[in-house]
Structures are given as structure tokens and as C-alpha cells.
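Trainee: Be aware that the sequence shown starts at 24, since it is given in this note's numbering, and climbs by one per residue.
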Amino acid sequence: MQQKSYFRSMKPRLTASPFLAHMTADGTPLLDVRAPAEYLRGHIPGAVSVPLFDDGERAIVGTLYKQESREAALLKGLEIVGPKMAGFVREAKALSPEKRLLLHCWRGGMRSESMAWLFRTAGFEVSVLEGGYKAYRSQLRADFARPWPLIVLGGKTGTGKTAILHALREAGEQILDLEGIAHHKGSAFGALGQAPQPGTEQFENDLHQQLQALDPGRRIWVEDESKAIGRVYIPDLFRLQMWQAPLLMVE
Numbered sequence: 024m025q026q027k028s029y030f031r032s033m034k035p036r037l038t039a040s041p042f043l044a045h046m047t048a049d050g051t052p053l054l055d056v057r058a059p060a061e062y063l064r065g066h067i068p069g070a071v072s073v074p075l076f077d078d079g080e081r082a083i084v085g086t087l088y089k090q091e092s093r094e095a096a097l098l099k100g101l102e103i104v105g106p107k108m109a110g111f112v113r114e115a116k117a118l119s120p121e122k123r124l125l126l127h128c129w130r131g132g133m134r135s136e137s138m139a140w141l142f143r144t145a146g147f148e149v150s151v152l153e154g155g156y157k158a159y160r161s162q163l164r165a166d167f168a169r170p171w172p173l174i175v176l177g178g179k180t181g182t183g184k185t186a187i188l189h190a191l192r193e194a195g196e197q198i199l200d201l202e203g204i205a206h207h208k209g210s211a212f213g214a215l216g217q218a219p220q221p222g223t224e225q226f227e228n229d230l231h232q233q234l235q236a237l238d239p240g241r242r243i244w245v246e247d248e249s250k251a252i253g254r255v256y257i258p259d260l261f262r263l264q265m266w267q268a269p270l271l272m273v274e
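1. Identify every residue that forms a DSSP beta bridge with residue 251.
2. Does DSSP put residue 177 in a helix, a strand or coil?
3. Looking at residue 74: is its Cβ nearer than 7 Å to the Cβ of residue 124?
4. Do residue 56 and residue 138 have their beta-carbon atoms positioned less than 7 Å apart in this structure?
5. Would you kindly work out how many angstroms separate the C-alpha atoms of residue 179 and residue 274, rounded to a whole number?
6. Quick one: grab the DSSP three-state call for residue 67.
7. Skipping 5 residues on each side, what residues in its chain have a beta carbon closer than 8 Å to that of residue 182?
8. For residue 103, which residues of its own chain have a beta-carbon under 6 Å away from its beta-carbon, when the five flanking residues on both sides are left out?
9. Across which residues does DSSP place residue 197 in a beta bridge pair?
10. Please go through the same chain and pick out, in chain order, the residues whose beta-carbon is closer than 8 Å to the beta-carbon of residue 229, but skip the five residues on each side of it.
11. According to DSSP, is residue 113 part of a helix, a strand, or is it coil?
12. What are the residues that DSSP puts in a beta bridge with residue 97?
13. Given a cut-off of 7 Å, decide if residue 173 and residue 245 are closer than it, judged by their beta-carbon atoms.
14. With residue 126 and residue 54 assumed to form a contact (beta carbons below 8 Å), what rounded beta-carbon distance in angstroms separates them?
15. Considering only residues of the same chain and omitting the five flanking positions on each side of residue 241, which have a CB-CB separation below 6 Å?
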């Protein structure tokens, strides 16, 4: 009964922190309604891509908006989306039989509001991310700037830092495995045997997700890394905290 009451309290629009809390605590499906290229560049971990427009359609509507008018773009958008509406609802029902959804676009504007209207009309409870993916990225940067109780594990290549890090986790310590998140061992041949690396934006999103799962009141062990891990980069605000944190060298 408490769970049902909680879901009824979902607001039509949520700022980034409560929006992500719904997703994390309750497993509410999150739909990213941006175009596929936007999703591939970077998305909230766990989000499902359900694009309102494909990349070509988005370009057409955007060009009309800039070169003609908002009305022309809106009419073209309706022409494109109309035949897709039933498919969107069927896909949403498959993802959320209980008919509860979170969704976002780039800025929390017409794309997300249009999809929210459709799903609400079909009987779904829907919360839209206020400010869209852009607001999520702003929250991410603010969270990286928060003070984190880091302890850095340093040492030369081959001293077993990653193994020690994982042993610390087995002993109940909190760790961040930056190389694991980056799918790269950090050395010249560090990509061998690894899954393809994400882009830097997605690496930041994945790092943020893991960081948010940790207790900021307890120490967090992290391996010393240069700014780049393969072709992705540690966020400057977080890297600065790593530089300032206590360093334990493995010899």
C-alpha cells in the first residue's frame, strides 16, 4: 500500500535529484525521447531510447523551426509523429506494465511534453525531467564538485593496484573502479580484452551513477590515474579532489 501511495505522489515535473531517486529506488522505467545520435553521445545510465524523431526527422523539424516558423515545425512534427503514436504506447506498456514512466528530452520542452501527453492520455503516470538532459548534466557537475572522502591508491604499473582495490571492496570498503567504468586498463595496451570504451560524456554519466550509490560519510578508495584513461577523461572537478586526497603508494 505504501508503494502505491508513493507512486501516486509522483509529480508531473521533477528536478534532477528526485527524478533520479524515483528511477533508482523504484526501478521506474526512464525513456529518453531525444534522437538516436543524442542518446549515443551520452545518456542517463539505464535510460531506454524511445526517440520521438529519428536523426533525419529531427534535422527536418529543426530546420523548419529556424528558417520558417515554430508553427511550420510543429505541423511537420505532428505529420511525422502521428503514425508512430500507437507504437510508442505499445512500447511503453511493454516496458512498464504498471503504467508508470519517467521521461526526458534535451531541455524538457516540446518533445518530452508531447510524449508525456500521449502516455498520460493512454493512462500512464508520467514525470518529466525539469530542464531535461541538460539539467541532469548540470546536476552531475555539481555532484562532482561536492567534497568526497577519497583515498587514492598509487604505484607503478604491475603492482596490483586494481587487485588490491577489489580486495578492499570484498572487505567491505567503498571503491570506485575508474578503469572498469572506462573499459580500459590505463596503459598503452589497456584496451585489449575490454569492451568498447564509452565517450567521455557517457563515462562521466556512468561515473556519476556509481558515485551516487556510495555513502559520502565513509571513505572511498580510488586508483590513481592520469587525466585520461584511454580516450576518456576524468572530470576536472573530480580529478582535482583526487589530487588533493591522501595518497597511499604500493611498492
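The beta-carbon is built from N, C-alpha and C at its ideal position, and this holds for glycine as well.
Mentor: This is what the structure gives:
1. In DSSP, residue 251 forms a bridge with 256.
2. strand
3. no
4. yes
5. 8 Å
6. coil
7. Closer than 8 Å at Cβ, skipping near neighbours: 273 and 274.
8. 80
9. 243
10. 68, 204 and 221
11. helix
12. As computed with DSSP, residue 97 is found in no beta bridge at all.
13. yes
14. The pair is a contact, with the Cβ atoms about 4 Å apart (cut-off 8 Å).
15. Annotation for residue 241: 197 place their beta carbon closer than 6 Å to its own, counting only its chain and skipping 5 residues before and after.
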